[in-house]
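*Asks:* Sequence order for the protein chains is F and R. Position one of the first sequence corresponds to residue 1 (our numbering), numbered consecutively onward. Position one of the second sequence corresponds to residue 1001 (our numbering), numbered consecutively onward. Glycine included, each C-beta is placed from N, C-alpha and C at the ideal position. The structure presented is a predicted model; accordingly, all values stated were derived computationally and were not measured. The structure that follows is given in the form of structure tokens.
2 protein chains.
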Amino acid sequence: MGDYVEMPLRDGDFILIEYTVRVKETGNIVDTTSEEIARKEEIYDSNRIYGPQLVIVGRGWVIKGLDEALKEIDPGVEKEIEIPPEKAYGTRDPGKIKVFSIREFRRRGIDVRIGDVIEYGGETGIVKSIGGGRVVIDFNHPLAGKTLVYKVRVVRKLEDPVEKAKALTARHLGLKMENVDLEYRAEEKALYIRIPTRIMTRKDIQYAKIALVSNIYEYLRDYVKKVVFQEIFERKEEKEEAKEETGKVEEGEKQAEEQSTRAEEDVSQ
Amino acid sequence: MGDYVEMPLRDGDFILIEYTVRVKETGNIVDTTSEEIARKEEIYDSNRIYGPQLVIVGRGWVIKGLDEALKEIDPGVEKEIEIPPEKAYGTRDPGKIKVFSIREFRRRGIDVRIGDVIEYGGETGIVKSIGGGRVVIDFNHPLAGKTLVYKVRVVRKLEDPVEKAKALTARHLGLKMENVDLEYRAEEKALYIRIPTRIMTRKDIQYAKIALVSNIYEYLRDYVKKVVFQEIFERKEEKEEAKEETGKVEEGEKQAEEQSTRAEEDVSQ
């Protein structure tokens, strides 16, 4: 299909990107896909998956200024992009700075301090000052009014629908791509996605599955008409019995599983 | 195996029972498996599944007095059983009646009224009286100290392991037995249980699955070494396209599904 690396990216393309963002005026790094940089900058979040991140171009998966810039970037090349507030988190709205009586908080037994994050009426704000019986809370996004500088690199573009499904699964379920256990059965246009038991009870996992299905049907509609999530419990005693016999059965199983997943992918391409 | 209806029930037997319980002194009906009686007595709970209920004999699935009595009951015959507090919800403990200062509640912005259910230190209590700046809360079980009268009937004993698995699934997932979609694959000793999407986001559904697996491995260990939960999403457009052709495809599908489940059961017996 004449699919050269040099072709510009288009709306709907699946790409993996790496980026690091800083606030232009302060130089503070506020977000990054690099675990190393996150640790160095002390913004490391253990709940987050670091490494290249899936973006579907032109679909609002990233802020507007970056989404537009992606279409001008050559894959593989790191680029620096400056994004004004209008195309990032918006300008600051003085109307979103609200003043409350400190008595209101005391009555509810809430002990407010400067810097506290407060939820109120569905919005999140930060306590900016306390004094004279008043609490000033700013409900603007913390990055509103800021010009952001992205260092961004498009690692590669995904073409294979099964790889796209894997990337969507990784993103929605909060897994590393290599830990996604997914089988595509072309003859029934079905995706079988195994949910690791360790993430089964994660908060909102059921909603994450539903959102994933919705994305799959939106972006892979020619390939998928059925999605099956599987949660598999194998009785522990069996494994332990087997382990006594063979020694390192679990490692072996894991490898076998990885191989079979890979084999299935090959078949489905 | 000489499995006559007249044989007494034993510990570990799977049975379906129907019952209605009243408090001896007042005659108030406090629980029933009959939807009709629940509605008449105005204790109907729309979240509950009415009809025969699974009990595993001697495993504490019901109060002690009933659990013991089940072993003396002939299946099919309705029996009335009187159970003293010691074998029901315990005697009343005056130490569980606690007095709080009303100021404590006001400070937390809680407006207490007589009859309110209060959670405190992991226990649930009922506000019994308010006056003189004091709130008296009774943390005894509401049925503590009560003699209960059960009208109970053992509908039948389950023998088929697949039917037992179905009954366990119905109970843990809060489904009617006829709505359980379960397939037993004898050659791999595996149970495939389909989770209807309408209950996917029910609170604690993931924990219910884990509890179900634990019960299956405890009671059906000779038959099951693997449990697979499946959540299946079929793309709606496909169904709608089909519907235009065949008219009433959904009803047809439902029936087909029921038949195939039944067929699978027959095979596995």
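(1) Under the three-state reduction of DSSP, which class applies to residue 139(F): helix, strand or coil?
(2) Starting from residue 120(F), trace the alpha helix (DSSP H) in both directions and tell me its first and last residue.
(3) So what's residue 217(F) in DSSP terms, helix, strand or just coil?
(4) Residue 1129(R) and residue 1114(R) - do their beta-carbons sit closer together than 8 Å?
(5) Can you tell me whether residue 9(F) is helix, strand or coil according to DSSP?
(6) According to a CB-to-CB cut-off of less than 8 Å, which residues of the segment 1208-1225 of chain R neighbour chain F?
(7) Can you give me the Cβ contacts of residue 32(F) inside the same chain, cut-off strictly under 6 Å, excluding the 5 residues immediately before and after it?
(8) In three-state terms, what does DSSP make of residue 1018(R)?
(9) Is the Cβ of residue 229(F) closer than 8 Å to any Cβ of chain R?
(10) Unbroken beta strand (DSSP E) runs of length 3 or more, entirely within the segment 140-227 of chain F: which are they?
(11) Skipping 5 residues on each side, what residues in its chain have a beta carbon closer than 6 Å to that of residue 1011(R)?
(12) For residue 1177(R), which residues from the same chain have a beta carbon less than 7 Å from its beta carbon, with the 5 sequence-adjacent residues on both sides left out?
(13) Would you mind working out which of 1136(R), 1076(R), 1193(R) and 1102(R) sits nearest residue 1095(R), comparing C-alpha positions?
(14) Would you give the residue range spanned by the alpha helix (DSSP H) that residue 64(F) belongs to?
(15) What are the partner residues of residue 1031(R), as DSSP defines its beta bridges?
(16) For residue 93(F) and residue 140(F), I'd like the C-alpha separation in whole angstroms.
(17) Under 8 Å Cβ-Cβ, which residues of chain R neighbour residue 205(F)?
(18) Mind checking if residue 1232(R) is an interface residue toward chain F, Cβ cutoff 8 Å exclusive?
(19) Would residue 1121(R) count as contacting chain F if we go by Cβ distances under 8 Å?
(20) Is there a Cβ of chain R sitting closer than 8 Å to that of residue 90(F), yes or no?
(21) Once DSSP output is grouped into helix, strand and coil, what is the label at residue 125(F)?
(22) Within 8 Å (strictly less), CB to CB, does residue 201(F) reach chain R?
(23) My output table needs one value for residue 1037(R): the three-state DSSP class, helix, strand or coil.
(24) List the whole-angstrom C-beta distance separating residue 1217(R) from residue 1224(R), where the pair is believed to meet the contact cut-off of C-beta under 8 Å.
(25) Which same chain residues end up closer than 7 Å to residue 1075(R) when comparing Cβ atoms and leaving out the 5 residues on each side of it in sequence?
(26) Do you know offhand how far residue 147(F)'s Cα is from residue 80(F)'s?
(27) Tell me the DSSP bridge mates of residue 1042(R)?
(28) Verify whether the separation of the beta carbon atoms of residue 52(F) and residue 86(F) is less than 8 Å.
(29) Using 8 Å as the limit for Cβ to Cβ distance, is residue 1109(R) near chain A?
(30) Using a beta-carbon distance below 8 Å, is residue 185(F) in contact with chain R?
(31) Is there a Cβ of chain R sitting closer than 8 Å to that of residue 235(F), yes or no?
(32) Could you check the C-alpha separation between residue 1091(R) and residue 1142(R) for me, to the nearest Å?
(33) With distances taken from CA atoms, which of 7(F), 9(F), 13(F) and 8(F) is nearest residue 220(F)?
(34) Of the choices 1144(R), 1230(R) and 1204(R), whose alpha-carbon is the least far from that of residue 1192(R)?
(35) Could you check how far apart the C-beta atoms of residue 173(F) and residue 212(F) are, in whole angstroms? I think they sit under 8 Å.
*Replies:* Walking through what the data contain:
(1) Residue 139(F): coil per DSSP, three-state reduction.
(2) Looking at the DSSP string, residue 120(F) is not in any alpha helix (DSSP H); the run it does join, the beta strand (DSSP E), is 117-120.
(3) If DSSP states are grouped into helix, strand and coil, residue 217(F) belongs with the helices.
(4) The criterion of a C-beta distance shorter than 8 Å is satisfied by residue 1114(R) and residue 1129(R).
(5) Assigned with DSSP and collapsed to three states, residue 9(F) falls in coil, not helix or strand.
(6) When CB distances to chain F are screened at a threshold of 8 Å, the residues of the segment 1208-1225 of chain R falling below it are 1209, 1210, 1213, 1217, 1221, 1224 and 1225, in chain order.
(7) Around residue 32(F): 20 and 38.
(8) In this structure, DSSP gives residue 1018(R) an extended state, which the three-state scheme calls strand.
(9) Yes, residue 229(F) lies at the interface with chain R (some Cβ there is under 8 Å from its Cβ).
(10) Here the runs fully enclosed are 148-158, 181-185 and 190-194.
(11) Contacts found: 1057 and 1058.
(12) Closer than 7 Å at Cβ, skipping near neighbours: 1166, 1167 and 1170.
(13) The shortest C-alpha separation from residue 1095(R) is found at 1136(R).
(14) Per DSSP, the unbroken alpha helix (DSSP H) holding residue 64(F) starts and ends at 64-70.
(15) Residue 1031(R) pairs with 1021(R).
(16) One C-alpha to the other measures close to 7 Å.
(17) Going along chain R in sequence order, the residues near residue 205(F) (Cβ under 8 Å) are 1206.
(18) Yes - at least one Cβ of chain F is within 8 Å of the one on residue 1232(R).
(19) For residue 1121(R), the answer is no, since every Cβ of chain F falls outside 8 Å of its Cβ.
(20) Contact of residue 90(F) with chain R is not assigned, every C-beta pair being separated by 8 Å or more.
(21) Residue state for residue 125(F) is assigned as strand, using DSSP reduced to three classes.
(22) With respect to chain R, the C-beta atom of residue 201(F) has a partner C-beta closer than 8 Å.
(23) Here residue 1037(R) sits in helix by DSSP.
(24) The Cβ separation is near 7 Å, so the contact holds.
(25) Excluding sequence neighbours, residue 1075(R) sits near 1005, 1154, 1156 and 1157.
(26) Near 13 Å, if we compare the C-alpha coordinates of residue 80(F) and residue 147(F).
(27) Looking at the DSSP assignment, residue 1042(R) forms no beta bridge with any residue, so it has no partner.
(28) No.
(29) The chain labelled as chain A is not found among the protein chains of the depicted structure, namely F and R.
(30) Using a Cβ-Cβ cut-off of 8 Å, residue 185(F) does not count as an interface residue toward chain R, since no Cβ of chain R sits closer than that to its own.
(31) Answer yes: the Cβ-Cβ gap between residue 235(F) and chain R drops below 8 Å somewhere.
(32) Residue 1091(R) and residue 1142(R) have their C-alpha atoms some 11 Å from each other.
(33) Ranking the options by Cα distance to residue 220(F), first place goes to 13(F).
(34) The shortest Cα separation from residue 1192(R) among 1144(R), 1230(R) and 1204(R) belongs to 1230(R).
(35) Confirmed, Cβ separation roughly 7 Å.
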